[in-house]
Amino acid sequence: MADPLDKATSKAPATLGEGCLSRYDPDELSPEDGTEFPGAAKLWEQLKPDVDDETASPEKIPSATHNP
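Throughout, my numbering is defined as the position within the sequence shown, counted from one, plus 12.
Dropping the structure here:
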């Protein structure tokens with residue numbers, strides 16, 4: 013009899029790059045991988061900082077890495 017846990021495995025999609033540059037290969041992704049995120053644009057609008065392009069300068073844009 014086959015081990016029932018053999019069926020309970022998953023396989024990650026192929027990746028490109030190494031280390032911190034590693035990312036999923038977009039050519040290998042499919043709808044079955046759950047790559048669709050229809051609410052992405054709405055979420056981005058909620059999370060992005062409100063910055064007026066004409067008056068924006070590095071001093072006025074909040075940044076976690078900016079250390080004056």
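By construction, the Cβ of each residue, glycine as well, lies at the ideal position given by its N, Cα and C atoms.
I'd like the span of the alpha helix (DSSP H) that includes residue i, first residue to last.
| i | result |
| --- | --- |
| Glu48 | Per DSSP, Glu48 belongs to no alpha helix (DSSP H) and is neither H nor E. |
Distance check for residue j and residue i, CA to CA, integer angstroms please.
| i | j | result |
| --- | --- | --- |
| Glu19 | Asp62 | Looking at the sequence shown, residue 19 is not Glu but Lys. Going by the C-alpha atoms only, they are around 48 Å apart. |
| Gly51 | Glu57 | 10 Å |
| Ala26 | Asp37 | 6 Å |
| Asp15 | Asp39 | 33 Å |
| Ser34 | Leu28 | 6 Å |
| Lys60 | Ala53 | 10 Å |
| Leu55 | Thr21 | 32 Å |
| Ser42 | Glu48 | 9 Å |
On the DSSP bridge list, what partners appear for residue i?
| i | result |
| --- | --- |
| Thr27 | Tyr36 |
Using CA coordinates, which residue listed in the options is at the minimum distance from residue i?
| i | options | result |
| --- | --- | --- |
| Glu44 | Ala24, Leu28 and Ala14 | Ala24 |
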